[in-house]
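For the sequence shown, the working numbering gives the first residue as 175, with consecutive numbering after it.
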Amino acid sequence: MDGGHRERAELARIKQGVKKNRRQTRLRSRQLRSTAGNQTPQLTGIEQAVTEGADARNAEPATEITEAGTHDGDNSSQSVLRPLYSSPDLSLHNADNDSAIASFNTLNHNVGPQLSARSPPQYHLSQSVPTLPPLRILHHREAELLMHYLDHVFHLQFRFHSPSVSTGGRGWLLWLLIRTSPLYHAALSLSALHQHVILHRTENADHSGTENSFSTTLHELNEYHGRTLQELQVCLQTSHTDTGDPDLSRQIEILACGVQLISFQLFQGGVGDWQMHVKAVAALISSIEDHRQSRLEHSPETVGYDVSIDPFSAPSSEKAALDFLSAVVIWFDIAACASTGTAPRLLRYHSSLLGSGRVDLANVMGCRSWAMEVIGQIAALSAWKQELLTDGRGISIWELVEKGRSIQTRLESEMVTLQAEAVAGYQPNTTPSVHIRSTSVFTRDKALCVTDLIRPVQFGTDLETGLQEEYRTLIRDMGDDAREPNLQAMEKARGTGDARWNAWAREISDRIPTEYLVDKSLLALQNLIDLPYRCGILTHQELRITEHTAIELVRRIHDGTYSAVEATRAFCKRAAIAHQATNCLAYVMFQEALDQAAALDEYMRVEGKPKGPLHGLPISVKEHVYVVSTPATSGLIAWADQISPEDALLVRVLREAGAVFHVKTTNPQTLMAIETDSNLFGRTVNPHNTNLTAGGSSGGEGALIAMRGSLLGIATDIGGSIRVPSGFSGIYGIKPSVARLPHGGLTGLHGGMENIVGVCGPMATCVDDLKLFCQVVLGSEPWHHEPSLIEIPWRTHLEAPKKLVIGVMWNDGIVQPHPPISRALQETVSILRQAGHTIIDWKPHYHQELIDCINKAYFLDGGKEYREIMKEAGEPAVPIIDWILNTVPKKEYTLQESWVINTERDHLRALYSEQLRQTQVDAILCPVGPSVASAHDDSRYWGYCSVFNALDFSAAVLPVSVVKDTDTWERYPRASEKAFNDIDAWYGSLYGWGTEGPRKYRNAPISLQLVSRRFQEEKLLAVMAEVDEVVRDRTKSPVNGHL
């Protein structure tokens, strides 16, 4: 468009066409007015069918439009302007979408009046509204062009589209064409363009006389394109109802027209105008999605509502059209980034459109939605980096690398899944196989793109050497590369002949009977929680045995339903299966357990009664707790040969109560981590998602009990080591106060240090089993054997009030939780309120001071003992321990300085207790941590748990939900958009944009923490039982897994 002779001639021709059309309209109107009564001229054939389709609005009474634009007949039908929305402040005519109208104005180039985005006209049915005449196919040529579009052109536009019969096929397309005049003419113009190109090729190949047809198609495409532009203006003017609300039907029509105009430009080889059109239709999608979210947020019936459900009651044709067109626009929007160097305009809607499954890009352009979403994220990251460099602002290397790594992680994970699909079910020329090939092509080099992006040097050596060094340090500390030096050191150590590095894995494998081994092909899935049901190793009765609670199982053993041997064998099998899925076992005692169970069965036969309250119940034990004649290494190579001299007091008490010990479970190197990884045992993974950690330091217990390889487990906690793995694995656990339950008889560093003291406690599959554990242990009066214990028997009279007062801590003021945790906390609070309980906000006034205090107490020697014990064995630190030791200050506190720390701790305990007294809460409800189960080596903040170790409060964990696709930052934003500190910013970046977070943490359980005063374990479990009951009643989730 240069304003030259051809353009002026074209505009003149368009004006002549418009005048002719208006004359025909006036003539038709006079004919209608001359018709008596309500009768209309009789139409025949396709003319009548199309007229009825254009006038009908979802079976509303048909109306005719007069020359002046008023409606003959019943005006109350609102056949053209009917409201579907209820938020006028989000209409198309707002400041954010001025560009949409402006760009469509630009299309017109002097054809018709220009629209004003700032002062949109207010239309009412009683006013003269610019409207379009009823659509009619006037002659045979238009029918030819329409069918040519449906048969040929549409397939060129969207060659990967496969219509679904269940959703009406392409009925929505025909529905739109016969009711939308500008879309109809846009389709005809595309058909004419396509035929014109074909005829042009024919003319070049054969000069036998095609000039007439060639000129005709050129004339047609110009005529229909001109009509499209003019009629589109009328659509824009009537895109709102008489109340000022946008009309969804009309917006869909405008959206379809915009898509056709983009196609027209692309087919013509346009390089600039189509981007302007993309901007316009993207603004329209933005408007529609904002309305959708507004309805969800402000409608009272959407409390607890699944946002993947469309809140509009739109007809199926409208929904199908909107979903398809949204996919097309997102595709154009992401593709445009390659030309513009900008982030996708619709990036913030990718979660609600792509993540929810409403939009399927594979059915539009052949590439899976996740792949295009990743490409959009790469474009956004590139634009963000370029903007900072151009503006001269400093780049946060931490943030750059974290964003890039999160994209890489998702890309690599999805590509592995894609390759597995290709290998498993590749069939040439089928739709899924085509999608797999297309997606592979689109994503093949994207990992390299991200790698290039996160390098700090983009323009030669412009950045300082120090910045490059910071980048290398971050890469070393943040992922797989950090593993390489450790692996090299391990290989070097192995080369010296130290066979202890591999001995443990071999011994565990050798102790698992071959009949308990799982087909390795079953271990390829990411979610292995149901492996016991798929592997075929357990009998039906053994599955039933392992699905009971501990209380139920003990009762059935006591009444003779099952023998102790039957129960023990079932749990040995299931523990073996769990280990093959998660690497959760540190030591196997299957034969010893079966022998012990046989002795219990004999005792029952002879004595006619059970040996004790836990008669025949298999119980698992954390590795560093003494079980006579078993290793207790704390995950350290230096202690690999250390054997338990006797049972720990807790083990002895439970054994005397009739418990059977069948396995010991993994803990991390040094125990001082909330992940479970060591050079002795390897990494323990989460059965719900093997890309995630099972937590720590009792991570083996968490994974094992989650897979029901045990119903009760002995664990320890000094900073979250019971609660974190319970939360990550979706089970129940309680940390009692110090000196309530026996703690003697275990290995660990810092022996004798009393500034902060650990505790033993149970992990289980339900609240009642935690209570059973505590009752049995305290019923043995263990204070007679361990003098440091306080003599407090189990107090059955301590119960929860019928109406609870719960203090809710939404975040601790240090690290803000991820969206799944915020959502679960909101839902739980809503459920508790509905059950009649009182909820108040709990302010974390002293958390930062308490966490600073306890972190000093953990490392009074600056980590010296940890380094020396590993150096002694030539053992490298695993990544998470390496990070901890490189993070903690190397300051060694004097004895007097440790007294100061203790004084500060006691002062803070007094202040916190006063806050409890003033608020009179029965318990505090809060997150277990800022994240659900972390990706491996990402668990770097334990403050939500360790603060209650500093206070020595009773604290317990219960599962309440699982991660959903809709758990996004857009849906559940942070309380403070600005990060509290560096660790808060880092944790925020881990979750990623849009649907990246829900995909990364797919299937992860969401758990919450309940906290009460010191030595209030009875009341805490009573409160926990009430919360658990109301949550499970609302969510209808069974307590026993697959029962």
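Virtual Cβ for every residue (Gly too), placed ideally from N, Cα, C.
In this text, all values refer to a predicted model and were calculated from it rather than measured experimentally.
| Query | Result |
| --- | --- |
| Determine whether the beta carbon atoms of Pro842 and Ser871 lie at a separation below 7 Å. | yes |
| For the alpha helix (DSSP H) that Cys1100 lies in, which residues bound it at each end? | First-last for Cys1100: Ala1097 to Pro1101, but that is the beta strand (DSSP E), not the alpha helix (DSSP H). |
| Once the 5 residues before and after Gly343 are set aside, which same chain residues still bring their CB inside 6 Å of it? | Pro337 |
| When burial is assigned at 16 or more other CB atoms within 10 Å of the CB, is Tyr707 buried or exposed? | exposed |
| Helix, strand or coil for Val912, going by three-state DSSP, please let me know. | coil |
| State buried or exposed for Gln1092, treating a residue as buried only when at least 16 other CB atoms are found within 10 Å of its CB. | exposed |
| Taking the alpha-carbon positions, what's the Leu435 to His399 distance? | 9 Å |
| I'd like to check one pair, Val1003 with Val979: are the Cβ atoms closer than 7 Å? | no |
| Among the residues of its own chain, which have a CB less than 6 Å from the CB of Ile964, if the five just before and after it don't count? | Ala913 |
| For Asp1156 and Ala998, what's the separation of their Cα atoms in angstroms? | 25 Å |
| Would you give the residue range spanned by the beta strand (DSSP E) that Phe835 belongs to? | Val834 to Thr839 |
| Is Thr1093 helix, strand or coil when you go by DSSP? | helix |
| With 16 other CB atoms within 10 Å as the buried threshold, where does Met1198 fall? | buried |
| Rounded to the nearest angstrom, what separates Gly919 and Leu574 at their Cα positions? | 47 Å |
| Check the DSSP bridge columns for Lys796 and list the partner residues they point to. | Thr839 |
| Hey, quick one: how far does the beta strand (DSSP E) through Ala1130 stretch, first residue to last? | Ser1128 to Val1136 |
| From this set, Pro956, Ala880, Leu788 and Met927, which residue's C-alpha is nearest Asp704's C-alpha? | Ala880 |
| Return the first residue and the last residue of the alpha helix (DSSP H) that Pro899 is part of. | Arg897 to Ser903 |
| Determine the extent of the alpha helix (DSSP H) in which Pro993 is found, giving its start and end residues. | Pro993 to Gln1008 |
| Mind checking who Gln1183 pairs with in its DSSP beta bridge? | Cys1100 and Val1131 |
| For Pro936, name the three-state secondary structure that DSSP assigns. | strand |
| Who are the near neighbours of Phe1122 in its chain, counting only those whose CB is closer than 6 Å to its CB and skipping five residues on each side? | Ala1129 and Val1185 |
| According to the Cβ coordinates, are Met546 and Phe334 closer than 7 Å? | no |
| Would you call the segment 814–832 in contact with the segment 950–957, where contact means no fewer than 3 C-beta pairs closer than 8 Å? | yes |
| If you compare alpha carbons, which of Gln1183, Arg1188, Pro1147 and Arg1187 is closest to Gly1171? | Pro1147 |
| Would Asp1202 pass as a contact of Val898 if the rule is Cβ separation under 7 Å? | no |
| Pull up the distance between the alpha-carbon of Arg857 and that of Gly809, whole angstroms please. | 11 Å |
| Report the residue from Ile731, Leu845 and Phe902 whose alpha carbon sits nearest the alpha carbon of Ala1178. | Phe902 |
| Does Thr867 come out as helix, strand or coil in the three-state DSSP assignment? | strand |
| Who does Asn701 pair with in a DSSP beta bridge? | Paired residues: none, contrary to the question. |
| Rounded to the nearest angstrom, how far is the Cβ of Thr723 from that of Phe745, given a contact under 8 Å? | So it is not a contact: roughly 13 Å between Cβ atoms. |
| Take Val533 and list the residues in its own chain whose beta-carbon comes closer than 8 Å to its own, dropping the five residues that flank it on each side. | Asp497, Ser500, Ala501, Ile504, Leu527 and Ser543 |
| Measure the C-alpha to C-alpha separation of Pro784 and Gln770 and round it to an integer number of angstroms. | 14 Å |
| For Ala880, list the residues DSSP reports as bridge partners. | Ala880 pairs with nothing; no bridge assigned. |
| Which class does Tyr157 belong to by DSSP, given the choice of helix, strand or coil? | Here the chain covers residues 175 to 1217 and nothing more, so residue 157 does not appear. |
| Since Leu952 is in the alpha helix (DSSP H), which residue starts that stretch and which ends it? | Val941 to Gly953 |
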